[in-house]
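Residue numbers (this note's numbering), protein chains in the order written: chain A, 205 to 529; chain B, 205 to 529.
Printed below as a string of structure tokens:
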């Protein structure tokens, strides 16, 4: 079982990722673009989420697919990033068309993380930078992209250490690919009680986050991380934002199940997770390149994709911290 | 950080647990009795749940508390176990009273697991044993109770090995206690890829499930457990059923958050978890012995209780398998 050639979410064909980073403000935006309307789902499990267009994704609702997913710093101000993405995609003709000559209506779900307490000049008055960062993130979108302290991960913190953007993939064979991208900003710790071994160590492939081997690891009896590694338990200040992707042709309910299973990757890479202070949102998007069987084997394939997604999320989280500077 | 004196969910004062086991049929019922109407919540995350009285627990709904939680084998037939518990508690005067002379109406949420494919005579025609087992489980309720292949865990399987009932507690100090009880029957494996090290090893206290030390553990790259450890991916045949309890005075929404965080214990102890084939239900119940602060520190206490609950769930799952025969 191997990653794809890039070991990035863009190993799922049809995806591009663009970062836009405001170094002066210490914040940014990360946008995942799909090459058509992909099936989308979301699973919100944190106690302090900040989102837009998530109800749009409910299986019982109308809209068939998404054209991009936007992750942003900036807390509530970052919700404007999707405005920029919507505007730029629309003028390029990307989006739903309700009439042949009508405007293209891009469906762009989005989630934000809190990075306002970090370094950088946030004195933007009534002109936060996020709409412009959203516009720029579309132009920046490529199959290759940076990890660590860029885009939505620019100002992220993971417990007491720098957080950032992480991404990985897993090739399930026969053309089936799963990938994840995480903006890592949780209240919990990504490290075991020794302060250096990633919780996600059992899932690492080829030293992708430094080769974390278990060697005399202290046991984790205290549910609160020791020595103040739990630093900022304030409402709305933390979250892990995740996008998982596959080229399997899932329906909306199946994509939701994959998003739900992918939350387990947060549970395995961050402790504690899903707290009242986190957002902890997983989007799942699915292209339609690989058809799944229609018979009883179908749900087993959903299980396999969901389990791979959970592993990819755990790896992406550790990798995001590993690459943060 | 230590368990309570019994290292069982009944270290939370006010709880008793009763098993009723039908050895001939290879199934059973486990009932958790509260000493008054405890606040209750539920979080359903598996793809194949079987429950009753769960919508009753929604924060927006009327009923203020629960008098028992029933876990049962028997799949859909096991939902009758709560009938027996309701009947016996009511004649003893336990339950809501809508009028002074009215019948007591016990609120008894319940969840079932599938054990019908296991050993034992299930040829019960129109008279499944679960109502009678429910009645008996009330009489059997004590603060001390058995672990392993008893009650709702009698016919449980955890991947390729015997599942069972596990329970632990954690003393958070200053009178605050958290405990968990799990009926362990997941499709996923509780063991790492070496087939012997519990996923939950980092959380073990005092060798409570055999002293699982990490020593040359193979890394877990394949999201599907190797060598057929994933044996029964059929709809409705697997689940981990969990009750977590605390004596902290939570409201319904807070109990729900604790149930949500406690699901992470399943994620850390079972891989894969929350699959289309699992039920994966966590009930959280809360007495009112320990008041939490009303100020900003309150949510931090919720975080601590939720994180402890997640750890207790991981430990209870491993312990249930360890004690199964």
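Even glycine gets a Cβ: it sits at the ideal position worked out from N, Cα and C. On a predicted model such as this, the values are computed, not experimentally measured, just so you know.
For residue 507 (chain A), the chain B residues whose Cβ falls inside 7 angstroms of its Cβ are 437, 476, 479, 480, 481, in order along the chain. Of all residues in the segment 486 to 516 of chain A, the ones placed with a Cβ closer than 7 angstroms to any Cβ belonging to chain B are 503, 504, 506, 507, 508, 510, 511, 512, 514, 515, in chain order. A distance of 9 angstroms or more separates the beta carbons of residue 292 (chain B) and residue 250 (chain B). Listed along chain B, the residues sitting closer than 7 angstroms to residue 251 (chain A) by beta-carbon distance are 461. Neighbourhood of residue 472 (chain B) in chain A, by CB distance below 9 angstroms: 403, 468, 471, 472, 475, in chain order. Residue 528 (chain A) carries a coil assignment under DSSP once its states are collapsed to helix, strand and coil. When Cβ-Cβ separations below 9 angstroms define contact, residue 391 (chain A) makes contact with chain B. When Cβ-Cβ separations below 9 angstroms define contact, residue 406 (chain A) makes contact with chain B. Beta-carbon to beta-carbon, residue 258 (chain B) and residue 313 (chain B) are separated by about 6 angstroms, close enough to satisfy the 8 angstroms threshold.
Counting only runs that start and end inside the segment 434 to 493 of chain A, the beta strand (DSSP E) elements of at least 3 residues fall at 443 to 452.
Scanning B:463, B:506, B:497 for the CA closest to the CA of residue 489 (chain B) turns up B:463. The bridge partners DSSP lists for residue 381 (chain A) are A:375. Per DSSP, reduced to three states, the secondary structure at residue 233 (chain A) is strand. In the displayed model, residue 215 (chain A) falls within a helix according to three-state DSSP. In the DSSP assignment, residue 223 (chain A) is bridged to A:234. Within the same chain, 267, 270, 271 come within 6 angstroms of residue 311 (chain B) by CB-CB distance, once the 5 residues on both sides are set aside. Following the DSSP letters along the chain, one finds residue 308 (chain B) in no alpha helix (DSSP H), marked with neither H nor E. Spanning the alpha carbons of residue 254 (chain B) and residue 459 (chain B) requires a straight line of approximately 21 angstroms.
Looking at the DSSP output, residue 362 (chain B) sits in a beta bridge with B:365. Residue contact with chain B for residue 396 (chain A): present (Cβ-Cβ distance below 9 angstroms to some residue of chain B). Beta-bridge partners assigned by DSSP to residue 276 (chain A): A:233, A:316. Counting of Cβ neighbours within 10 angstroms places residue 412 (chain B) among the buried residues, the total reaching 16 or more. Of the other Cβ atoms in all chains shown, 16 or more fall within 10 Å of the Cβ of residue 408 (chain B); this residue is therefore buried. At least one CB atom of chain A sits nearer than 9 angstroms to the CB of residue 465 (chain B).
When the Cα atoms are used, residue 457 (chain B) and residue 304 (chain B) turn out to be separated by approximately 29 angstroms.
Measuring C-alpha to C-alpha distances from residue 494 (chain B) to each of B:289, B:261, B:372, B:376 identifies B:376 as the nearest. Judged by DSSP in its simplified three-state form, residue 505 (chain A) adopts helix.
Here residue 302 (chain B) is exposed. Its C-beta has fewer than 16 other C-beta atoms within 10 Å. Contact between the segment 472 to 482 of chain A and the segment 520 to 529 of chain B is not established, with fewer than three Cβ pairs separated by less than 8 angstroms. Beta-bridge pairing by DSSP links residue 407 (chain A) to no other residue. Here the C-alpha atom of residue 315 (chain A) lies approximately 16 angstroms from the C-alpha atom of residue 333 (chain A). Relative to residue 447 (chain A), the option among A:239, A:247, A:209, A:225 whose CA is nearest is A:247. Taken through DSSP and simplified to helix, strand or coil, residue 391 (chain A) comes out as coil. By the criterion of a C-beta distance shorter than 8 angstroms, residue 389 (chain A) is surrounded in its chain by 317, 318, 319, 357, 360, 361, 362, 367, 442, 443, 444, 445, once the five residues flanking it on both sides are discounted.
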